[in-house]
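Undergrad: These protein sequence lines map, in sequence, to chains F and E. Following the numbering used here, the residues of the first sequence are numbered contiguously, the last one being 213. Following the numbering used here, the residues of the second sequence are numbered contiguously, the last one being 213. For every residue, glycine included, the Cβ atom is placed at its ideal position computed from N, Cα and C.
Protein chains: 2
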Amino acid sequence: MPRTRVHNLFVSSDGFAAGDRVTMEHPIGGAEALFGKFDGRVIHGVHGIDEPVTVDRALFSMWGQGVGAEIMGRRKYGPQTGEWPDDGWQGWWGDTPPFGTPVFILTHHPRESIEFANGTSFHFVDASPEDALRLAQEAAGGLDVRIGGGPSTVGEFLRADLVDFLHLAIVPIVLGTGVRIWDHLAGLEDRFTVESIGTSSGLTHQLWNRHHAQ
Amino acid sequence: MPRTRVHNLFVSSDGFAAGDRVTMEHPIGGAEALFGKFDGRVIHGVHGIDEPVTVDRALFSMWGQGVGAEIMGRRKYGPQTGEWPDDGWQGWWGDTPPFGTPVFILTHHPRESIEFANGTSFHFVDASPEDALRLAQEAAGGLDVRIGGGPSTVGEFLRADLVDFLHLAIVPIVLGTGVRIWDHLAGLEDRFTVESIGTSSGLTHQLWNRHHAQ
């Protein structure tokens, strides 16, 4: 009954959902333009911001609803590759990562977990999508699990048919390079019902709901 | 900074947002057809339901986000009029009213408050919109206040210019009779920026954001 959900995945007209060179200066790998329409303050709800409550913001605010754990790829967590350097890195988010739940980071180099006072904890696991999802579901205590990205990780979970709900925001820009979301997913629409709406910002939101298993 | 918000106000094509004869059998006064597209289970979020996460449901789920108190009209609370009969009435919602916050019920016949284990409490006040809002804001502890309806109450707060955000769902049905939402509000749009979108269900959602006071 709990779902595995993807939210606020921004995709360019040409199908890129991140840049390809994540560095300390460019957490989105050079594709920061994707997020021009995104107000991250609303991921915990449309209250508490001094900006209009738009349809975009309403849809972004689903992000945290009833989510008890996240799974993310290592490239979302930091720019390092290979063995972890002894650099004290705790992610991009400072002392108060916005997750508020356990987060499982997929890496071939497991390391010690990190806990924050706001309920966020980072756990580093070398696991298949299926095994990582099982760990996350146990940690989520009956709530939903969010696949937090980046696009390579979302693609892996889509190919393994582990995603129940996918919310994309199609951004009318052309990036030309980056990490593709649609590779090796031909026919994906056969497994989902898709609803699309355009909003006044120029974004197109797509809500993909997986057909129930028969 | 906290907002006064209206959510999920369903309005027929001809402008009726409730029926005009609330009885024990007809809580919406005969206009129950308005709510054919409404899934009340999502007001606390799009998780925990075994149905697709649609744009409609995503927008309905804003209802409880960051809301610390509600104000409702007496006709939403129950079918009684005049002095309260000694009938043990505690509202339509049984032991677990969905609000989870203090709720202020506007009535010319104040009575004792009622508290529930789930954080909901009902307070009966004979007050102007301004005074009721002040009470609700104090109780909301810095969170937003929701004007919960019915349409007469929402209209009063709109005429007093106390509403910062209004979410309507326009339902493509013609009721012919009921409680109108648009009476005595000519030019309302001058005070707001309005965004409209249609969804695949046939609903049109309107998000009205009041211009900031200069």
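To the nearest angstrom, report how far apart glycine 141 of chain E and leucine 161 of chain F are at their CA atoms.
TA: About 40 Å.
Undergrad: My understanding is that lysine 234 of chain E touches valine 170 of chain E, with C-beta atoms under 8 Å, so please give their C-beta distance in whole angstroms.
TA: Residue 234 of chain E lies beyond the range of chain E shown here (0 to 213); nothing can be said about it.
Undergrad: Between the alpha carbons of glutamine 213 of chain E and arginine 190 of chain E, how many angstroms are there, rounded?
TA: Interpretation of glutamine 213 of chain E is limited by its pLDDT of 42, a score under 50 that renders its predicted location unreliable; the figure taken from the coordinates is listed afterwards. Whole-angstrom Cα-Cα distance: 12 Å.
Undergrad: For the beta strand (DSSP E) containing valine 124 of chain E, list its first residue and its last residue.
TA: Run containing valine 124 of chain E: 120-124, per the beta strand (DSSP E) assignment.
Undergrad: Identify whether alanine 17 of chain F lies in helix, strand or coil by the three-state DSSP scheme.
TA: Three-state DSSP puts alanine 17 of chain F in a strand.
Undergrad: Any beta carbon of chain F sitting closer than 7 Å to that of glutamine 79 of chain E?
TA: No, because no Cβ of chain F sits closer than 7 Å to the Cβ of glutamine 79 of chain E.
Undergrad: Nearest by alpha-carbon distance to phenylalanine 15 of chain F: which of F/Thr192, F/Gly148, F/Pro109 is it?
TA: The candidate whose alpha carbon is nearest that of phenylalanine 15 of chain F is F/Gly148.
Undergrad: With 16 other CB atoms within 10 Å as the buried threshold, where does threonine 119 of chain F fall?
TA: Buried: at least 16 other Cβ atoms inside 10 Å.
Undergrad: Which residues does DSSP pair with arginine 179 of chain F in a beta bridge?
TA: Answer is F/Phe15.
Undergrad: Just to confirm, are histidine 122 of chain E and glutamate 82 of chain E a CB contact at a threshold of 7 Å?
TA: Contact flag unset, no.
Undergrad: With DSSP as the reference, identify every bridge partner of aspartate 143 of chain E, one or two as the case may be.
TA: Note: aspartate 143 of chain E sits in a beta bridge opposite E/Val66.
Undergrad: Please name the residues in the segment 34-58 of chain E whose beta-carbon is closer than 7 Å to at least one beta-carbon of chain F, in chain order.
TA: Hits within the stretch, in order: Gly44, Val45, His46, Gly47, Asp49, Pro51, Val52, Thr53, Val54, Ala57, Leu58.
Undergrad: I'd like to know whether the C-beta of serine 217 of chain F is nearer than 7 Å to at least one C-beta of chain E.
TA: With chain F covering 0 to 213 only, the question about residue 217 of chain F has no answer from this structure.
Undergrad: Would you say asparagine 7 of chain F reaches chain E, if we count a Cβ-Cβ gap shorter than 7 Å as a contact?
TA: It does not: the Cβ of asparagine 7 of chain F has no partner Cβ on chain E nearer than 7 Å.
Undergrad: Across the segment 125-144 of chain E and the segment 178-197 of chain F, are there enough close Cβ pairs to call them in contact, namely three or more that are closer than 8 Å?
TA: Verdict: no, contact absent.
Undergrad: Does any residue of chain F bring its CB to less than 7 Å from the CB of isoleucine 196 of chain E?
TA: It does; some Cβ of chain F falls within 7 Å.
Undergrad: Find the residues of chain E that neighbour aspartate 160 of chain F, judging by a C-beta separation of less than 8 Å, and give them in chain order.
TA: None at all; the shortest Cβ gap to chain E is about 17 Å.
Undergrad: List the residues of chain E that leucine 142 of chain F touches, going by C-beta distances under 7 Å, in chain order.
TA: Near leucine 142 of chain F (Cβ distances below 7 Å), the residues of chain E are His46.
Undergrad: Name the one or two DSSP bridge partners that methionine 23 of chain F has.
TA: In DSSP, methionine 23 of chain F forms no bridge with anything.
Undergrad: What are the boundary residues of the beta strand (DSSP E) that includes arginine 56 of chain E?
TA: Segment 54-59 is the alpha helix (DSSP H) holding arginine 56 of chain E; no beta strand (DSSP E) there.
Undergrad: Should valine 45 of chain E and arginine 145 of chain E be called a contact, given that it needs their Cβ atoms to be closer than 7 Å?
TA: No, the pair does not count as a contact, with Cβ atoms beyond the cut-off.
Undergrad: Straight-line CA distance for methionine 71 of chain F to valine 102 of chain F?
TA: The alpha-carbon atoms of methionine 71 of chain F and valine 102 of chain F are separated by roughly 7 Å.
Undergrad: Using only the alpha-carbon positions, how far apart do glycine 18 of chain E and asparagine 7 of chain F sit?
TA: Spanning the two alpha carbons is a distance of roughly 39 Å.
Undergrad: Please classify leucine 202 of chain E as buried or exposed, where buried requires at least 16 neighbouring CB atoms within 10 angstroms.
TA: So leucine 202 of chain E ends up on the buried side.
Undergrad: If you measure between the beta carbons of leucine 134 of chain F and leucine 157 of chain F, is that distance less than 7 Å?
TA: No, the Cβ-Cβ distance between leucine 134 of chain F and leucine 157 of chain F is not below 7 Å.
Undergrad: Using 10 angstroms around the beta-carbon of methionine 0 of chain F, count the other beta-carbons present and answer buried if the total reaches 16, otherwise exposed.
TA: It counts as exposed.
Undergrad: So with Cβ pairs under 7 Å, would you call glycine 118 of chain F a contact of chain C?
TA: Protein chains F and E are contained in the structure displayed, whereas chain C is not.
Undergrad: If we cut at 7 Å on Cβ distances, does glycine 65 of chain E have a partner in chain F?
TA: True, the Cβ-Cβ gap to chain F drops below 7 Å.
Undergrad: If you follow the beta strand (DSSP E) that glutamate 215 of chain E is in, where does it begin and where does it stop?
TA: Any property of residue 215 of chain E remains undetermined from this structure, which presents chain E solely from 0 to 213.
Undergrad: Give me whichever residues DSSP pairs with glycine 72 of chain E in a beta bridge.
TA: Bridge partners of glycine 72 of chain E: E/Leu105.
Undergrad: At what residues does the alpha helix (DSSP H) containing phenylalanine 37 of chain F begin and finish?
TA: Counting along the chain, phenylalanine 37 of chain F falls outside any alpha helix (DSSP H), and DSSP gives it neither H nor E.
Undergrad: Could you tell me the alpha carbon to alpha carbon distance between isoleucine 27 of chain E and phenylalanine 9 of chain F, rounded to whole angstroms?
TA: Isoleucine 27 of chain E and phenylalanine 9 of chain F: Cα-Cα distance of roughly 41 Å.
Undergrad: Under 7 Å Cβ-Cβ, which residues of chain E neighbour leucine 206 of chain F?
TA: Simply Val52, Thr53, Val54.
Undergrad: Could you work out which residues of chain F lie near serine 60 of chain E, taking near to mean beta carbons separated by less than 9 Å?
TA: Simply Ala57, Ser60, Met61, Gln64.
Undergrad: Kindly say whether phenylalanine 191 of chain E, judged by its beta-carbon, lies nearer than 7 Å to any beta-carbon of chain F.
TA: No, phenylalanine 191 of chain E does not count as interfacial toward chain F.
Undergrad: Determine the burial state of aspartate 86 of chain F: buried for a count of at least 16 other Cβ atoms within 10 Å of its Cβ, exposed for fewer.
TA: With fewer than 16 other Cβ atoms within 10 Å, it is exposed.
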